[in-house]
Amino acid sequence: MHKLERLLRPKSIAVFGGAQAATVVAQSIKMGFAGEIWPVHPTKDEVAGRKAYRSVADLPGAPDAAFVGVNRHLTIEVVKALAERGAGGAVCFAAGFLETEAYDEDGERLQAELVTAAGQMPIIGPNCYGLINYADGALLWPDQHGGIRLAEGGKGVAIITQSSNIAINMTMQKRGLPIAFLMTAGNQAQTGLSEMALGLIEDERVTSLGMHIEAFDSVAGFERLAARARELKKPIIAMKVGRSEQARQATVSHTASLAGSDAASGAFLKRLGIARVDSIPAFIEALKLLHITGPLPGYKLSSMSCSGGEASVMADSAEGRWVHFPTLTDQHRAHVKSTLGPLVAVANPLDYHTFIWNNEPAMTATFTAMVSGGFDLNMLVLDFPRPDRCSDVDWWATLRAFEAALKTNKAQGAIVSSLPENLPEEYTAGLMARGMVPLFGISEAMDAAQAAAFIGWAWREPQAQPVDTTAAGASEAKRVTPDEAEAKERLIKAGLPVPKGERASNAVEAVISSMTLGFPVALKALGVTHKSEVGAVRLNLKDAESVSAAAHDLLPLGTGLYAERMVRDGVAELIVGFTRDPMFGVVMTLGTGGVLVELLRDSVTLMLPATRDDIEAALRGLKLYPLLEGYRGRPKADVAAAIDAIAGIADFVQKNEGEIEELDINPLIVCAEGKGAWIADALLVLGEKKNG
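Sequential numbering of the sequence shown, starting at 54, is according to the numbering used here.
Shown next, in the form of structure tokens:
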């Protein structure tokens, strides 16, 4: 049994406090909670019509769940008494704990005392509203809400959020999402998001889980959650906030500008097979789709509407996404064409025109033919007329025709309204019962389909190794940046592909080194972080005179010179970067390299360890990748060598993760097939531990 079992699914509830506590009692009664409700109050004889008790000791038994709605100091006393009585868990409503540490020195101490008082008894919060169990009618919730109790034997989604107000807003949705559990996390003093989520997905009435995340409580906890969700076949949607970069220690690499905390969070969620969405409407629509269909087997969509305008909007909405509307095969097109008149151009998305509108047999034939194409999700765009001014009688024939088409082909389908308000909430339950997912808004429908398809893909892939968090945590090291010559010496010792180079202290030495290396060469000023920005590099120097002239120009810019053999036959330039994330340890960023790296921002962030398949998939996801494949007749790049080099660099970083704070390889020059990939520039930042 999960440690939150009694708290989440209580048979008895104790309630402490004044006005908020009375609301908790009233809400559970209103929802039809069949268990015991025991208000506790020092002076009142009854609360909301239920007998009140004076203390924890006076209760008839150890409650399964408790709502503690008293001040922060008294909260600690009540929690201690509940733990000693053997209660199943408590929601701590009071604020004034760790969240106030910036202006209240007592907050951190009081939160620590609260955790100590709880001992082994689970607590949620403090500084949170609590939870609503719509499956059993058990509410530890001190405010109004917009949800309804699940029908006997019914199923719904579970939602966890770190914001109580967002939780309330989600209960007020009119989109037909059936909610089984809603939970807020507060400060997560003892029980974190991932542990709460594990408790929720164990319930057989929960089909999928939505998480609004401000911060991850535990990397290992989320890995356990993702593994269990996959085992139970209960998909997870996340809305991770924090795309605007939070303040963090100064960084000098390009990678740091590309791979902030949000990029690492996105990479972590992807690794776990948790789909990420960016808005509350998309969050709700994705949960609704997953509740009915589960993860989708692929990314192929079909769309049908009786409007060319709607068909165009649907087509445009898939642009730049993995979900797409594949072109119909000749055979499939002919099949659909046979059900329509000669004036209809058959395509996907399909505009079936109004010729067959309200002709149920004709629409059934067309829809059945279209859906027969083996799509992963079939969409019917259908906005209902407003009921106060119009009639929707003719719309039901369309729905029946679509339902028949889905059943005939054993296919998944969704009704998509272009405007959310044009799909009445009172229709949603009936549509879902008939196997049609009501999706509100075209872009939100696409977000939902992509999320469901991503999870389907992720679950077909082997489960990822645990993230290497050895180097996680805030670094207290003094940051030291060795020059490029020293950095490359380290890389060469690790067996990585670095062009031959030599250090020089003056123009004469630079010429001698260049002649030894063989022309053409690159000449660089050492001790300069971003050389191209200050003109501290000269490329393709073909003779002694040009090296000498360049050396005289570069010497005033740095601390010495570095001559290096030029890499020839370059096809593309990549950036391979590593930064230390406080939560995830060292993370890797791959992207389009060169001087425009931050302007182009064509990059992807990966958790370590990363497999060769991970690296190849990341490269294929770059806008640059067609260039590596030989874009428009250009030579193909040595992709295998690039993957070897990237994997080797990652291995080097992991072996030295206790010392490396940042590493930028920019560029990694990928040459033509058979000619390798070479580290042309390296910026290494080391952490030198402080004494004392």
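No residue lacks a Cβ here, since even glycine has one placed at the ideal position from N, Cα and C.
For the pair Gly178 and Thr224, the CB atoms are not nearer than the 9 Å cut-off. Ile628 and Glu372 have their C-alpha atoms spaced approximately 27 Å apart.
Sequence-distant partners of Arg532 (beyond 5 residues in either direction) whose C-beta falls short of 7 Å from its own C-beta, in its chain, are Glu714, Val738 and Gly740.
Of the residues Asp436, Ser496, Met489 and Ala464, the one whose Cα lies closest to the Cα of Glu474 is Asp436. In the DSSP assignment, Leu737 falls within the beta strand (DSSP E) that extends over Ala735 to Glu741. If you look at Met367, you'll find it in the alpha helix (DSSP H) that goes Gly361 to Ser370. C-alpha of Ile232 to C-alpha of Val259: approximately 9 Å in a straight line.
Taking the Cα of Val490 as reference, the smallest distance to any Cα among Val434, Ala524 and Lys541 is reached at Val434. In this structure, DSSP gives Leu576 an extended state, which the three-state scheme calls strand.
Of the other Cβ atoms in all chains shown, 16 or more fall within 10 Å of the Cβ of His344; this residue is therefore buried. Non-local beta-carbon contacts of Ile702 in its own chain, meaning distances under 7 Å to residues more than five positions away in sequence, involve Leu549, Val629 and Ile718 in chain order.
For the set Arg687, Trp731 and Lys97, the Cα lying nearest the Cα of Ala693 is the one of Trp731. The C-alpha of Lys227 is placed about 16 Å away from the C-alpha of Ile468.
Exclusion of the five residues before and after Arg107 leaves Val93, His94 and Pro95 as the residues of its chain whose Cβ lies within less than 8 Å of its Cβ.
Listed as beta-bridge partners of Tyr615 by DSSP are Arg556 and Lys577.
Gln173 counts as exposed, since fewer than 16 other C-beta atoms from the protein chains shown sit within 10 angstroms of its C-beta.
DSSP, read as helix, strand or coil, puts Gly160 in helix. Taking each of Ala733, Gly239 and Thr632 in turn and checking the Cα distance to Lys553, the smallest one comes out for Ala733. Excluding sequence positions up to five before and after Ala671, its CB lies within less than 7 Å of the CB of Leu643, Val657 and Leu659, all in the same chain and listed in chain order.
Runs of the beta strand (DSSP E) spanning 3 or more residues and lying entirely within the region 165 to 222 occur at 184 to 186, 191 to 193 and 209 to 214, in chain order. Per the C-alpha coordinates, the member of Gly326, Ala339 and Pro63 positioned closest to Ala517 is Gly326. Within its own chain, the residues whose Cβ lies closer than 8 Å to the Cβ of Gly638, once the five positions on either side in sequence are excluded, are Val520, Asp521, Thr522, Thr523, Ala524, Ala525, Leu661 and Glu710, listed in chain order.
Where Lys83 is concerned, the enclosing alpha helix (DSSP H) starts and stops at Ala72 to Lys83.
Boundaries around Asp697 are those of the alpha helix (DSSP H), Val692 to Lys708, since no beta strand (DSSP E) includes it. If you ignore the 5 residues before and after Gly646, its C-beta comes within less than 7 Å of the C-beta of Glu626, Leu627, Ile628, Asn719, Pro720 and Leu721, all in its own chain and listed in chain order. The criterion of a C-beta distance shorter than 9 Å is not satisfied by Ala339 and Ile266.
Within its own chain, the residues whose Cβ lies closer than 6 Å to the Cβ of Leu57, once the five positions on either side in sequence are excluded, are Pro175 and Gly252, listed in chain order.
Residue Asn431 holds the alpha-carbon nearest to the alpha-carbon of Asn462 among Phe336, Pro438, Leu653 and Asn431. Measuring C-alpha to C-alpha distances from Leu349 to each of Asn240, Val389, Gly295 and Trp375 identifies Trp375 as the nearest. Excluding sequence positions up to five before and after Ala505, its CB lies within less than 8 Å of the CB of Pro288, Ala328, Ala339, Leu342, Leu343, Thr346, Gly347, Pro348, Leu349 and Leu430, all in the same chain and listed in chain order. Classified as exposed, Gln197 has fewer than 16 neighbouring CB atoms from the shown chains inside 10 Å of its CB. Taking 3 residues as the shortest admissible run, the region 391 to 437 contains the following complete beta strand (DSSP E) segments, listed from N- to C-terminal end: 430 to 434. Spatial neighbours of Thr153 in its own chain (CB-CB distance under 7 Å, excluding positions within 5 residues in sequence) are listed in chain order as Gly160. Of the residues assessed, Phe378 falls on the buried side of the cut-off, its CB having 16 or more other CB atoms within 10 angstroms. The alpha-carbon separation between Leu653 and Leu677 amounts to approximately 10 Å. CA-to-CA, the gap between Ala171 and Asn222 works out to about 30 Å.
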